[in-house]
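Just so we're on the same page, the working numbering is the position in the sequence shown counted from 1, plus 308. The next block holds one structure in the form of structure tokens; read it before the comments.
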Amino acid sequence: MSINELPLGILFFCLFILFLLSAFFSGSETALMSLNRYKLRHQADKGHAGAKLAQKLLDKPDRLISLILLGNNFVNILITQLATLLGLRLFGDAGLAIATGILTFLLLIFGEITPKTLAALHPERIAFVASHIYAAMMKVMWPFIWLLNLITNNLLRLLGANSDGTSRVALSHDELRSVVSSAGTHIPQNRLDMLLRVMDMESTTVEDIMIPRSQLVGLDLDDDWNELEEQIIHSNFTRLLVYRENLDNVQGFVHLRRLLPMFRDGHLDRERFEASIRPAYFIPDSTTLTQQLLNFQEENRRIALVVDEYGEILGLVALEDILEEIVGEFSTVPSSQNREIRQLDDGSYWVDGSITIREINRQLGSQLNTDGPKTINGLILEYLESIPVPGMTVLIDDYPMEIRKTRNNGVKTLVIHPRIQRLRAENDE
309 MSINELPLGI
319 LFFCLFILFL
329 LSAFFSGSET
339 ALMSLNRYKL
349 RHQADKGHAG
359 AKLAQKLLDK
369 PDRLISLILL
379 GNNFVNILIT
389 QLATLLGLRL
399 FGDAGLAIAT
409 GILTFLLLIF
419 GEITPKTLAA
429 LHPERIAFVA
439 SHIYAAMMKV
449 MWPFIWLLNL
459 ITNNLLRLLG
469 ANSDGTSRVA
479 LSHDELRSVV
489 SSAGTHIPQN
499 RLDMLLRVMD
509 MESTTVEDIM
519 IPRSQLVGLD
529 LDDDWNELEE
539 QIIHSNFTRL
549 LVYRENLDNV
559 QGFVHLRRLL
569 PMFRDGHLDR
579 ERFEASIRPA
589 YFIPDSTTLT
599 QQLLNFQEEN
609 RRIALVVDEY
619 GEILGLVALE
629 DILEEIVGEF
639 STVPSSQNRE
649 IRQLDDGSYW
659 VDGSITIREI
669 NRQLGSQLNT
679 DGPKTINGLI
689 LEYLESIPVP
699 GMTVLIDDYP
709 MEIRKTRNNG
719 VKTLVIHPRI
729 QRLRAENDE
């Protein structure tokens, strides 16, 4: 019995099966290409069989695409031939045009759009099942796949393209940051913030977080011993900076833990005090936080002095300062009682002039430029190119800043008002 003599019911059933195969090839292609490669790698490492097969197939995307297109085109050709036969048998010569129109519509709906949309919505569910089928097909159809890839890869080389290095592309820092940010629904916000801060450490230097030289507190060895002893007793720090005459002649640091036993036994004197001083550890101001964290670990240190290219001391950075960049401030004082930034009743913020611009951006959600000066005082002085007076208001990056108090040729306190653009938008509403 020839195919022309087969009952119409059998032909329609074969056409239905071919449509299912076409939908499978189209949908599985979209599903496999839509898989999250990092999630796929995690599932494969956990031993998921479907994920392992899918990862293996995607490692050679040219072979996978050749296999899918070979199967899909073969099925679509059979659909065309069978639909043409049905059209001729049902409608005669006019059936060719009718079959072409109906076939185009059905292939678009059931062979392309619907399966691909479904696969894009549920890629893992479809891809992991399809990977088992494709793994078996790959073994059976390997000679055809090899021949197709040989031809296409040579054509790509003639066009200057290389198919070998396209499947594994490393993420840049910004791209990785975007990937982490997009996982916000799966990670608690506080942990997500920590991850993002860890990534920002690579572009943040110790100069950005250091305690500036003007705020350093230490012990002058030239002072009277009774005065030094009094400062040690009332010190708020466990590690004390020690210098002679001024900060340009730093001697090192001394840990209170080494002094307290001698102080308790009444044996602490200037000689023993100076013997307990540990030499200072100096670091360049351009050192990134990531590198300095490793340096602290290697050097077995917790505190360092930051110097510029001329060896001048710029400030001090401690291990706790770097850790605070990740987990936030180590403080038992509620944020509402923070003395550096405090929100006022009118929505503006009272700000200490010594606070860093990075901290202001973090707490206020502002977008002040951080490429130049590190503190808000430095930003205002650079903008004005002169010393401001109390009552003056400047507009920087659309933020009105009202100077409230100045001291020692700098801004002591100021008030930052809401951004002008936001106020305009609210008025328009």
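Positions of the beta carbon are idealized from the N, C-alpha and C atoms, including for glycine. Note that the structure is predicted; figures quoted are calculated from it, not measured.
Expressed to the nearest angstrom, what Euclidean distance is found between the alpha-carbon atoms of residue 545 and residue 352? In a straight line, the C-alpha of residue 545 is about 50 Å away from that of residue 352.
Cβ separation of residue 630 and residue 600, assumed to be a contact under 8 Å, to the nearest whole Å: The beta carbons of residue 630 and residue 600 sit about 6 Å from each other, so the pair counts as a contact at 8 Å.
Return the residue from the list 439, 425, 399 that minimises the CA-CA distance to residue 367. Of the candidates 439, 425, 399, the one whose C-alpha sits nearest the C-alpha of residue 367 is 439.
Between the beta-carbon of residue 562 and the beta-carbon of residue 576, is there less than 8 Å? Contact check for residue 562 against residue 576 fails: the beta carbons are separated by 8 Å or more.
Tell me, please, whether the stretch 330-346 touches the stretch 432-449 by the rule of three or more beta-carbon pairs shorter than 8 Å. Contact check between the stretch 330-346 and the stretch 432-449: three or more CB pairs, one atom from each, fall below 8 Å, which counts as touching.
According to DSSP, residue 528 sits in a beta bridge with which residue or residues? Partner(s): 551.
If I measure Cβ to Cβ from residue 430 and keep anything under 8 Å in the same chain, skipping five residues before and after, which residues do I get? 339.
Where does the unbroken alpha helix (DSSP H) through residue 590 begin, and where does it stop? Per DSSP, residue 590 belongs to no alpha helix (DSSP H); it is in the beta strand (DSSP E), 590-592.
Once the 5 residues before and after residue 406 are set aside, which same chain residues still bring their CB inside 7 Å of it? Result list for residue 406: 395, 399, in chain order.
In chain order, what residues of the same chain have a beta carbon less than 6 Å from the beta carbon of residue 613, not counting five sequence neighbours either side? These residues qualify, in order along the chain: 588, 590, 621, 624.
Please specify which runs of the alpha helix (DSSP H), each continuous and at least 4 residues long, are wholly inside the stretch 594-631, giving them in chain order. Every alpha helix (DSSP H) stretch that sits fully inside the stretch 594-631 and reaches 4 residues is listed by chain position as 597-607.
How would you label residue 713, buried or exposed, when you count the other beta carbons within 10 angstroms and need 16 or more for buried? So residue 713 counts as exposed.
Taking buried to mean at least 16 other C-beta atoms within 10 Å of its own C-beta, is residue 354 buried or exposed? It counts as exposed.
Give me, in chain order, the residues of the same chain whose beta-carbon lies closer than 6 Å to that of residue 609; leave out the 5 immediate sequence neighbours on both sides. Result list for residue 609: 589, in chain order.
Starting from residue 560, follow its DSSP beta bridges and name the residues at the other end. When beta bridges are read from the DSSP output, residue 560 appears opposite 550.
Through-space distance from residue 550 to residue 691, alpha-carbon basis: A straight-line Cα-Cα distance of about 36 Å links residue 691 and residue 550.
Under the rule that 16 or more other beta-carbon atoms within 10 Å means buried, what is residue 486, buried or exposed? Burial check for residue 486: the Cβ neighbour count within 10 Å stays below 16, so the residue is exposed.
Enumerate in chain order the residues of its own chain whose CB-to-CB distance from residue 329 is below 7 Å, with the five nearest sequence positions on each side excluded. Taken in chain order, the residues that qualify are 383.
For residue 554, count neighbouring C-beta atoms within 10 Å of its own C-beta (all shown protein chains included) and say buried if the count is 16 or more, exposed if not. Flag for residue 554 reads exposed.
Apart from the five residues just before and just after residue 725, which ones in its own chain have a Cβ nearer than 6 Å to its Cβ? 656, 708.
Cβ-based burial, residue 357 [other Cβ within 10 Å; buried from 16]: By the neighbour-count criterion, in which a residue is buried when 16 or more other Cβ atoms sit within 10 angstroms of its Cβ, residue 357 is exposed.
My guess is that residue 509 and residue 412 are in contact by the Cβ rule of under 8 Å, so how many angstroms apart are they, rounded? Between residue 412 and residue 509 the Cβ distance is about 56 Å, and since that is not below 8 Å, they are no contact.
On the criterion of 16 or more Cβ atoms from any shown chain inside 10 Å, does residue 374 qualify as buried, or is it exposed? In summary, residue 374 is buried, with 16 or more beta-carbon neighbours lying within 10 Å of its beta-carbon over all protein chains present.
Check each candidate in 611, 574, 325 and name the one with the smallest Cα separation from residue 586. Selected option, being the one with the closest Cα: 611.
Residues in the same chain with beta-carbon distance under 6 Å from residue 584, minus the five sequence neighbours each way, listed in chain order, please. The residues are 562, 566.
Flag this pair as yes or no: are the beta carbons of residue 704 and residue 676 separated by less than 8 Å? Yes, they are a contact pair.
Residues in the same chain with beta-carbon distance under 7 Å from residue 418, minus the five sequence neighbours each way, listed in chain order, please. Non-local C-beta neighbours of residue 418 in its own chain, meaning closer than 7 Å and more than five positions away in sequence, comprise 327, 331, ordered along the chain.
For residue 497, collect the residues of the same chain with a Cβ closer than 6 Å to its Cβ; drop the 5 residues on either side in sequence, then sort them by chain order. No residues qualify anywhere along the chain.
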